[in-house]
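In what follows, a structure is listed as structure tokens, so that the remarks can point back to it.
2 protein chains.
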Amino acid sequence: MTSPRYDVLGIGNAIVDVIARTEEDFLLKQGMNKGTMALIDEPRAAAIYEAMGPAVETSGGSGANTIVGLASLGARTAFIGKVKDDPLGRAFAHDIRAAGVAFTTPAASDGPSTARCYVLVTPDGERTMNTYLGAAQNLSPADIDAGTVAASAILYLEGYLWDPKDAKDAFVKAAKIAHEAERKVALSLSDAFCVDRWRAEFLHLMRSRTVDLIFANEAEVRSLYETADFDTAVKALRADVTAAVVTRSEKGCVVISPDGTEAVPAFPVERVVDTTGAGDLFAAGFLSGLARGADGRNCGRLGAMAAAEVIQHLGARPQASLKDLARENGLVG
Amino acid sequence: MTSPRYDVLGIGNAIVDVIARTEEDFLLKQGMNKGTMALIDEPRAAAIYEAMGPAVETSGGSGANTIVGLASLGARTAFIGKVKDDPLGRAFAHDIRAAGVAFTTPAASDGPSTARCYVLVTPDGERTMNTYLGAAQNLSPADIDAGTVAASAILYLEGYLWDPKDAKDAFVKAAKIAHEAERKVALSLSDAFCVDRWRAEFLHLMRSRTVDLIFANEAEVRSLYETADFDTAVKALRADVTAAVVTRSEKGCVVISPDGTEAVPAFPVERVVDTTGAGDLFAAGFLSGLARGADGRNCGRLGAMAAAEVIQHLGARPQASLKDLARENGLVG
Numbered sequence: 032m033t034s035p036r037y038d039v040l041g042i043g044n045a046i047v048d049v050i051a052r053t054e055e056d057f058l059l060k061q062g063m064n065k066g067t068m069a070l071i072d073e074p075r076a077a078a079i080y081e082a083m084g085p086a087v088e089t090s091g092g093s094g095a096n097t098i099v100g101l102a103s104l105g106a107r108t109a110f111i112g113k114v115k116d117d118p119l120g121r122a123f124a125h126d127i128r129a130a131g132v133a134f135t136t137p138a139a140s141d142g143p144s145t146a147r148c149y150v151l152v153t154p155d156g157e158r159t160m161n162t163y164l165g166a167a168q169n170l171s172p173a174d175i176d177a178g179t180v181a182a183s184a185i186l187y188l189e190g191y192l193w194d195p196k197d198a199k200d201a202f203v204k205a206a207k208i209a210h211e212a213e214r215k216v217a218l219s220l221s222d223a224f225c226v227d228r229w230r231a232e233f234l235h236l237m238r239s240r241t242v243d244l245i246f247a248n249e250a251e252v253r254s255l256y257e258t259a260d261f262d263t264a265v266k267a268l269r270a271d272v273t274a275a276v277v278t279r280s281e282k283g284c285v286v287i288s289p290d291g292t293e294a295v296p297a298f299p300v301e302r303v304v305d306t307t308g309a310g311d312l313f314a315a316g317f318l319s320g321l322a323r324g325a326d327g328r329n330c331g332r333l334g335a336m337a338a339a340e341v342i343q344h345l346g347a348r349p350q351a352s353l354k355d356l357a358r359e360n361g362l363v364g
Numbered sequence: 032m033t034s035p036r037y038d039v040l041g042i043g044n045a046i047v048d049v050i051a052r053t054e055e056d057f058l059l060k061q062g063m064n065k066g067t068m069a070l071i072d073e074p075r076a077a078a079i080y081e082a083m084g085p086a087v088e089t090s091g092g093s094g095a096n097t098i099v100g101l102a103s104l105g106a107r108t109a110f111i112g113k114v115k116d117d118p119l120g121r122a123f124a125h126d127i128r129a130a131g132v133a134f135t136t137p138a139a140s141d142g143p144s145t146a147r148c149y150v151l152v153t154p155d156g157e158r159t160m161n162t163y164l165g166a167a168q169n170l171s172p173a174d175i176d177a178g179t180v181a182a183s184a185i186l187y188l189e190g191y192l193w194d195p196k197d198a199k200d201a202f203v204k205a206a207k208i209a210h211e212a213e214r215k216v217a218l219s220l221s222d223a224f225c226v227d228r229w230r231a232e233f234l235h236l237m238r239s240r241t242v243d244l245i246f247a248n249e250a251e252v253r254s255l256y257e258t259a260d261f262d263t264a265v266k267a268l269r270a271d272v273t274a275a276v277v278t279r280s281e282k283g284c285v286v287i288s289p290d291g292t293e294a295v296p297a298f299p300v301e302r303v304v305d306t307t308g309a310g311d312l313f314a315a316g317f318l319s320g321l322a323r324g325a326d327g328r329n330c331g332r333l334g335a336m337a338a339a340e341v342i343q344h345l346g347a348r349p350q351a352s353l354k355d356l357a358r359e360n361g362l363v364g
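The following block contains the structure:
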């Protein structure tokens with residue numbers, strides 16, 4: 032095992048977020064499921080955009096947000112994801128590279144446009160997402176650069192990759208290369224409805240040890256085991272995977288490892304503005320600790336800190352240096 | 032004089048802002064003049080974008096920001112400005128219409144792309160702007176709809192309109208129609224360097240009574256009269272125009288009218304995040320008061336309130352309902 036060039040390589044859907052504030056009524060009228068992610072086609076995307084309020088555009092994508100968060104924490108990072116060579120695709124590429132992330136996946140020159148996620152933020156700060164996958168649907172095993180995967184200490188995959196048609200093959204190929212190079216593979220369960228779509232396959236990934244570490248929130252882990260009881264779900268999770276972290280919003284998180292289960296508190300937050308990216312940035316903080324060999328508690332605190340930053344402003348990418356924040360909070364030396 | 036259909040019609044450069052945080056060093060390296068607006072060509076725009084950090088895209092344009100602020104305050108508004116029919120132009124049109132503003136200027140189908148302003152925000156919250164005017168350069172007298180101008184109680188024009196080649200003709204045409212319909216004409220001086228480029232013409236607009244009300248900040252009014260002394264500048268301004276408001280950042284503003292000069296304090300601000308749009312939103316608040324027949328002090332307070340909202344987050348468009356804010360602060364009934 033050679034010394035890794037990257038701390039974390041992320042693979043995910045490359046998406047630009049189109050964010051607008053909205054009232055609860057709008058979600059009802061549009062038949063949206065509050066707090067979740069729905070897949071939409073292009074005509075529906077146009078209809079939602081037409082109906083929604085003034086918006087802000089910012090690069091997003093769950094896995095990409097995590098990787099940018101890691102870069103902000105000082106980690107060495109790379110990302111694989113598919114955009115089209117159009118204005119939004121160029122903005123996505125600019126933003127992730129400008130954050131210090133190695134991003135070399137070739138942009139598609141034709142086919143559907145760069146993926147967009149219409150994010151509706153209600154007054155309580157909760158976000159409801161509608162994703163048009165566009166060019167992200169064409170991520171394929173050919174986009175997986177074996178050298179980059181083998182050179183990354185941790186491979187981080189988003190569960191949303193199960194939605195585009197060829198991305199799961201890319202996922203499995205990358206996980207295989209990572210394990211052959213004796214690297215760790217982490218998976219985010221992404222969304223309760225995503226878990227519902229792919230429950231059997233996610234469980235198979237865990238039980239076959241294709242993944243070593245699971246990131247999930249309460250709703251996702253309950254959906255995975257089809258139970259309303261959190262403790263039952265956590266017990267089942269312990270049996271299926273070596274390590275996992277379950278986030279519980281303001282109740283903090285639960286870190287599961289072979290050594291046991293530890294609860295870690297959340298970070299104080301003045302005002303929740305927009306929860307978009309909370310889970311993504313939690314994973315970023317946690318993985319940054321892991322990459323430095325920190326213990327579960329410290330990893331959990333770093334995750335909570337990064338999540339707290341991102342929910343206090345609009346958009347899912349950090350607006351402050353997370354490295355400086357971690358230092359100010361005594362979480363890194 | 033018929034009853035107006037709109038409280039305020041704005042005419043300005045239709046611009047999308049590309050906003051990034053940056054360190055002071057970046058401005059020095061790029062030879063940028065902190066706190067001001069510079070006009071750039073397309074190759075320079077590409078070079079700045081390449082060098083700058085991860086960005087957020089949001090509709091901007093000084094006059095457009097003011098009009099959107101007015102809409103958020105409950106005023107009836109319209110806007111005239113030129114975009115191209117490209118993704119950024121469509122975003123600009125969506126955002127201003129979704130804010131409740133009547134916007135019907137036809138988008139250009141060919142020629143330069145929609146205008147972009149690269150906004151660099153330093154840690155102190157100050158913004159430094161670089162504008163590629165693109166399609167905004169093609170605003171012409173043909174875009175001025177006489178019916179809309181005559182139906183608006185106040186015509187609001189930005190000084191930046193003096194930069195694109197035909198826009199000043201559009202400006203003068205609109206001002207003439209407004210006065211013929213017995214409406215008021217307001218002008219924002221926009222930027223100290225803009226004043227420096229067009230000093231003689233701005234003074235002529237004032238002295239010929241082409242404009243009735245001037246919005247300026249300290250730097251602009253000092254630039255206008257080429258004096259370092261604020262009181263000297265204000266005295267000169269009093270002689271040249273019927274009414275004016277001079278904003279002074281945390282020192283509040285000075286309202287000049289035929290009745291005298293009144294100082295109005297600023298609004299308390301927890302933390303200055305990004306000053307982009309401070310002047311634009313001040314004008315929005317002030318004009319909303321004027322449209323309702325409020326006195327100078329109340330108009331000034333509304334301006335200060337709207338400016339305070341916009342500088343506490345990234346971007347130059349309000350993120351909260353200014354109408355609700357005004358009500359909470361006892362500034363409207």
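First to last, the sequence lines map onto chains H and G. Numbers in the working numbering are just positions in the first sequence, counted from 1, shifted up by 31. Numbers in the working numbering are just positions in the second sequence, counted from 1, shifted up by 31. Using N, Cα and C, we set each Cβ at its ideal position, and we do this for glycine too.
Handout entry: Interface residues of the segment 42–65 of chain H facing chain G [CB-CB below 8 Å]
Key = A51 and R52
Handout entry: Near the ligand SAH: H/P172 beta-carbon under 8 Å from a heavy atom
Key = What this structure holds is no ligand at all, so the ligand SAH is not there to describe.
Problem - Through-space distance from G/T153 to H/F317, alpha-carbon basis - result: 29 Å
Practice task
Taking only beta-carbon positions, decide if G/G346 is within less than 9 Å of chain B.
Solution key: In the structure shown, chain B cannot be found, because the protein chains are H and G.
Exercise for the section: Please check if any C-beta of chain H sits within less than 9 Å of the C-beta of G/D117. Expected result: yes
Exercise for the section: Quick one: which residues of the segment 304–316 of chain H get their C-beta closer than 9 Å to a C-beta of chain G? List them in chain order. Expected result: V304
Practice task
For G/A122, go through chain H and note every residue whose CB falls closer than 8 Å to its CB, in chain order.
Solution key: A86 and E88
Practice task
Taking 9 Å as the cut-off, decide whether the C-beta atoms of H/D38 and H/R107 are in contact.
Solution key: yes
Practice task
Please check if any C-beta of chain G sits within less than 9 Å of the C-beta of H/A335.
Solution key: no
Handout entry: H/M83 - partner residues in DSSP beta bridges
Key = Answer is none; H/M83 lacks a bridge partner.
Practice task
Given a cut-off of 9 Å, decide if H/M63 and H/S221 are closer than it, judged by their beta-carbon atoms.
Solution key: no
Practice task
Take the Cβ of H/D305 as the centre, count every other Cβ of all protein chains shown within 10 Å, and call the residue buried at 16 or more, exposed below.
Solution key: buried
Practice task
Identify which residue in H/R302, H/I342 and H/A275 has its Cα closest to the Cα of H/G327.
Solution key: H/A275
Exercise for the section: Could you work out which residues of chain G lie near H/A130, taking near to mean beta carbons separated by less than 9 Å? Expected result: G84 and P85
Problem - Among H/G142, H/V286 and H/V49, the one whose alpha carbon lies nearest that of H/L321 - result: H/V286
Exercise for the section: Give a yes or no on whether the minimum CB-CB distance between H/E81 and chain G is below 9 Å. Expected result: yes
Practice task
Give every residue of the same chain whose Cβ lies closer than 7 Å to the Cβ of H/A294, excluding the five residues on either side of it in the sequence, and list them in chain order.
Solution key: G283 and V285
Handout entry: Residue burial classification, G/D366 (beta-carbon count within 10 angstroms, cutoff 16)
Key = In the structure as shown, chain G starts at 32 and stops at 364, and residue 366 of chain G therefore has no counterpart that could be examined.
Problem - Start and end residues, alpha helix (DSSP H) containing G/V203 - result: A198 to E211
Practice task
Verify the CB distance criterion: does H/Q168 have a CB-CB separation below 9 Å to chain G?
Solution key: no
Exercise for the section: Decide if the segment 158–169 of chain G is in contact with the segment 202–209 of chain G; the criterion is three or more beta carbon pairs, one per stretch, under 8 Å apart. Expected result: no
Exercise for the section: Reducing DSSP to helix, strand and coil, say where G/S319 ends up. Expected result: helix
Handout entry: Proximal residues of chain H, C-beta to C-beta of G/V350 below 8 Å
Key = Just to set this straight, residue 350 of chain G is Gln in the shown sequence, not Val. Within chain H, the residues near G/Q350 are R52 and L345.
Exercise for the section: Please state if the CB of G/L236 and the CB of G/L218 are separated by a distance shorter than 9 Å. Expected result: yes
Problem - Bounding residues of the alpha helix (DSSP H) (the contiguous stretch that carries H/A95) - result: S93 to S103
Handout entry: Beta bridge counterpart(s) of H/C148 as assigned by DSSP
Key = H/D48 and H/T162
Practice task
Look at the alpha carbon of G/P35 and the alpha carbon of G/V216, and state the distance between them as a whole number of angstroms.
Solution key: 14 Å
Exercise for the section: Say whether chain G places a C-beta atom closer than 9 Å to the C-beta of H/I29. Expected result: Absent from the model: residue 29 of chain H. The displayed extent of chain H is 32 to 364, so no value can be given.
Exercise for the section: Just grab the DSSP bridge partners of G/I287 for me. Expected result: G/A275 and G/T292
Exercise for the section: Name the residue from H/A314, H/S352, H/G94 and H/L40 whose alpha carbon lies nearest to the alpha carbon of H/G331. Expected result: H/A314
Problem - Residues near H/T307 by beta carbon distance below 6 Å, same chain, minus five either side - result: V150, R158 and A347
Practice task
Reducing DSSP to helix, strand and coil, say where H/Y256 ends up.
Solution key: coil
Problem - Beta-ladder partner(s) of G/M68, from DSSP - result: G/M160
Practice task
Examine chain H for any beta-carbon lying closer than 9 Å to the beta-carbon of G/V242, and answer yes or no.
Solution key: no
Problem - Cβ-based burial, H/K365 [other Cβ within 10 Å; buried from 16] - result: Residue 365 of chain H is absent from the structure shown; chain H starts at 32 and stops at 364.
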